[in-house]
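Whatever position you read off the sequence shown (first residue = 1), add 667 for our numbering.
C-beta: ideal position from N, C-alpha, C; glycine also.
Note that the coordinates shown come from a computational prediction; the quantities given were computed from them, not determined experimentally.
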Amino acid sequence: MAKFEMMHVQRPMHSFGPKASVSLRTRPADVCKELRLSSHVISEFSNEGSAISHDGSFATSWLKNPQTPFGPLMTNRENVSVNDCNPFEFCAQQSSIPKSVLRQFGSSFLFRATTWEMYGSTSLARINALVYATCFADASSLDNLALACVKLVQHMAAYKGYREALLAFRIIEEKFHVISKSRISLLKLQLLHERALHRGHLKVAQQACDELGALASPVTGVDVDLKTEVSLRHARTLLAANQFSQAAEVAHSLFCTCYKYTKQVEKAAVLLLLAEIHKKSGNAALGLPYAMASILFCQSFNLDLLKASATLTLAELWLSHGPSEAQRALALLHGVFPMILGHGGLELCARAHITEAKCHLSDPSYSVHREPDLVLSPLSEACQQLELLEYHELAAEAFYLMAMVYDKLGNLQEREKAAASFKEHTLALRKPQESADDLLDPI
């Protein structure tokens, strides 16, 4: 039922416009409500343990000794009533539950991770993937365990940077390379493509994109998800190379494909990409309708984080119209700040901080001398996040703005530091250096 709720989004006939209804829409909470019912199924097995054959047991390395403390989840069973039982505590006991049932119960956490990932809460997706990898490793299939580890590495790349993510990737590559070769190969190419784009190494990015395309089946209608991802990455590579016409052409073609196969989430992402293409090409007015359409799609399908990202792009587009729109852009940005800072990755948070600083600097009523921290604080946060992410283009912009602010304040020492960092990232962007992690080793 949970899978049905997520794959068949409930929405009214009038999904858009002023008369659109806000009821009967699929929400992550509804999906997880269905998933919670699995705990009752497991409880039935605990009550009927004597009638169930012992064809498997739940035994992970840290659960084999129930007396060993494991953080706040481990409690004294003598002080817990029957009504206080929960699935975590139940699964922390040695039991005679069939391994097939445990595998099904564990898959609910993996499914929750996918659900929250789709709806935008990557932190909740990480928690559920971590629970699955920690608690159900022995009862799960190796392919599902590899999927959970892949999700954790993707989260690490978005929130900790690529250096730590690639170190973690080396570990799971050794463990799952033979068993789940295609999944590990896909993760490696995704990491290499994203890192190469951020570092300005477009040849490596395009090579990784081509390798991703080679993993998909040439048959029409097969591997549609992977082909959609490859097209999105190809368009972003063209955008990074300032090939705006080609990027828009690829994006328009991809939107038609998503419409054909009713891929609603991807349609919202493609509309957002088209808005970003127009923003970067200097046609902010043409990007506004695409950003607004993406927001409407996200509202209809409860894609909260993607909606926050689209709203941030909309704020950037309004800001491009001049100082008169600075207050409007800032109001839009403050409306999505809780979602971005609570659930967004390094790149999204850094973009939000830079946009906030630019809004203040563009506002005629703002004075740097009266409130310098309104600009310096977000710029400092953005610089730290972008250096972790190795995003040279945005980092150069953040340091440039910081140098300008320090110059207006007369702080020459800090201005020179920011200017030196700006020069370093600009040179790195113009002359990208290959590293061992950038090279596409045979997979």
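Item, Value
"Three CB pairs or more closer than 8 Å across the segment 897-907 and the segment 939-947", "yes"
"L986 versus S1029 - alpha carbon distance", "8 Å"
"Distance, A863 Cα to E1091 Cα", "17 Å"
"Rounded distance between the beta-carbons of L1055 and G1011, thought under 8 Å", "14 Å between Cβ atoms; not a contact."
"Start and end residues, alpha helix (DSSP H) containing N795", "789-802"
"Proximal residues to S849 (C-beta, below 8 Å), its chain only, five neighbours per side dropped", "L882"
"Where the alpha helix (DSSP H) through Y926 begins and ends", "911-927"
"Sequence-distant residues of the same chain with beta carbon closer than 7 Å to L1094, five excluded per side", "none"
"Cα-Cα separation between Y1067 and R830, rounded to whole angstroms", "25 Å"
"C-beta atoms of L981 and H1020 nearer than 9 Å", "no"
"Buried versus exposed call for E1064 [16 or more other C-beta atoms within 10 Å across all chains shown]", "buried"
"Residue closest to L1041, alpha-carbon to alpha-carbon, out of E1060, Y1073, A1062", "Y1073"
"Runs of alpha helix (DSSP H) wholly within the segment 977-1065 (minimum 4 residues, chain order)", "993-1010, 1013-1029, 1040-1056"
"Simplified DSSP state of G954, which is helix, strand or coil", "helix"
"G880 (DSSP reduced to helix, strand or coil)", "helix"
"Backbone CA spacing between R1018 and L1008 [nearest angstrom]", "11 Å"
"Euclidean distance between Cα positions of T978 and A996", "9 Å"
"Pairwise C-alpha distance: A832 and V820", "6 Å"
"Validate contact between the segment 762-776 and the segment 949-959 using beta carbons, cut 8 Å, 3 pairs", "no"
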